[in-house]
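Data first, discussion second: the structure below is written as structure tokens.
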Amino acid sequence: MKRNVVIFTVVALCLCACTHDNSETFSTGDLYKSKNIVAKAAELGLSAEEYSKMPEKVLKHREASMKLADYVELKERTFYLTISKQKAETLGVSGEQYDVVVKDLNATNAAIREAMENGDTLDLSGAIEELRTTISNIRKGAKSPSSLETISDGDNQKQSGRIETTSSDFGTDSFYPPNYKNRVIFTCMTKAAFFPVYTCKTKVFGEFKAVTSHGSFGKNTTIEVPLAASGAMLCAELFFKTTDSSGGIAAWKAE
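Each residue of the sequence shown is one higher than the last, beginning at 111 in the numbering used here.
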């Protein structure tokens, strides 16, 4: 009887030890996975949270943009690549990813032409240098300044928010501005394109106000758009879009 008790005790202790060892293994595995995500996110200039939320296709698009950053040029307000699709493949950029980058550049060029025709002023000087400096800093391990968090000004009413898109279509939001609010500040971020063109609009009582501006990979762009009216329980509709085919993010705040 005593022998049976001893054997049972030894077996129980072994089972406990095995269970404990497995929990340590899982814990170590989770830690490794977490560190791996942080490292991969840093390589793309993203936080671990942003990296985890982005679809694999968008991450690949962003990676392709970084690899091709040294081969984009600007001439007469037109952006273009100086590397062929075949050469890009030797850098690890697939033909599909190359086509997406070219598509986004063409969309940017078209938006720039339209903005200029509408009388908007877009200063493109230094755009190439800024892009390459940003990419270089990311490669060196510097954190990208383009992380966005929803802004809140402490009002009980909703006076701030976030619009995220997954394509080049408009994303929307709305709120009720008190009479002391007369504009909306949009802080815009691209997901993968080199030089996105952003269009931000407000609509109150049927009247639109719109501002178009360009951005750069890894950098936030701030756009101020006036409100046509406020107070009296008027609803303000907000619109945001980017030429980035992967979409973008805009944190907004009424002021």
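Where a beta carbon is used, it is the ideal one built from N, C-alpha and C, also for glycine.
Taking DSSP as the reference, what is the three-state secondary structure of residue i?
| i | result |
| --- | --- |
| serine 277 | coil |
| lysine 291 | coil |
| arginine 249 | helix |
| serine 270 | strand |
| glycine 229 | coil |
| threonine 218 | helix |
| alanine 302 | coil |
| leucine 241 | helix |
| tyrosine 161 | helix |
| tyrosine 208 | helix |
| leucine 234 | coil |
| alanine 360 | strand |
| alanine 320 | strand |
| isoleucine 147 | helix |
| aspartate 180 | helix |
Check whether the Cβ atoms of residue i and residue j lie closer than 9 Å to each other.
| i | j | result |
| --- | --- | --- |
| aspartate 283 | arginine 272 | yes |
| glycine 341 | lysine 301 | no |
| phenylalanine 304 | valine 203 | no |
| lysine 185 | glutamine 269 | no |
| threonine 297 | alanine 237 | no |
| threonine 309 | threonine 352 | yes |
Which one of the options has the shortest CA to CA distance from residue i?
| i | options | result |
| --- | --- | --- |
| glycine 229 | Val182, Glu334, Thr353, Ala320 | Ala320 |
| alanine 220 | Lys363, Asp354, Ala361, Ala364 | Asp354 |
| valine 210 | Arg242, Ala174, Ser194 | Ala174 |
| glutamate 365 | Ile295, Thr331, Ile333 | Ile295 |
| leucine 232 | Val168, Ile222, Met164 | Ile222 |
| alanine 158 | Met343, Ala149, Pro165 | Ala149 |
| proline 240 | Lys213, Asp180, Thr200, Gly281 | Residue identity differs from the one stated: residue 240 is glutamate in this sequence, not proline. Glutamate 240 has its Cα closest to that of Asp180, out of Lys213, Asp180, Thr200, Gly281. |
| glycine 205 | Lys170, Ala339, Thr243 | Lys170 |
| serine 277 | Thr200, Ile245, Pro165, Thr192 | Pro165 |
| glutamate 347 | Thr322, Lys313, Ala151 | Lys313 |
Can you tell me whether residue i is buried or exposed? The criterion is at least 16 other CB atoms within 10 Å of its CB, across all chains shown.
| i | result |
| --- | --- |
| lysine 197 | exposed |
| phenylalanine 315 | exposed |
| tyrosine 161 | buried |
| tyrosine 190 | exposed |
| glycine 328 | buried |
| serine 326 | buried |
| cysteine 345 | exposed |
| tyrosine 290 | exposed |
| glycine 251 | exposed |
| arginine 249 | exposed |
| methionine 226 | exposed |
Please check if any C-beta of chain D sits within less than 9 Å of the C-beta of residue i.
| i | result |
| --- | --- |
| isoleucine 359 | Among the protein chains of the structure shown there is no chain D, as only one such chain exists. |
Under 8 Å by Cβ, that's how I've got residue i and residue j pegged, so tell me the actual separation to the nearest angstrom.
| i | j | result |
| --- | --- | --- |
| proline 287 | leucine 337 | 6 Å |
| valine 335 | histidine 324 | About 16 Å separates the two Cβ atoms, so there is no contact after all. |
| isoleucine 245 | methionine 176 | 6 Å |
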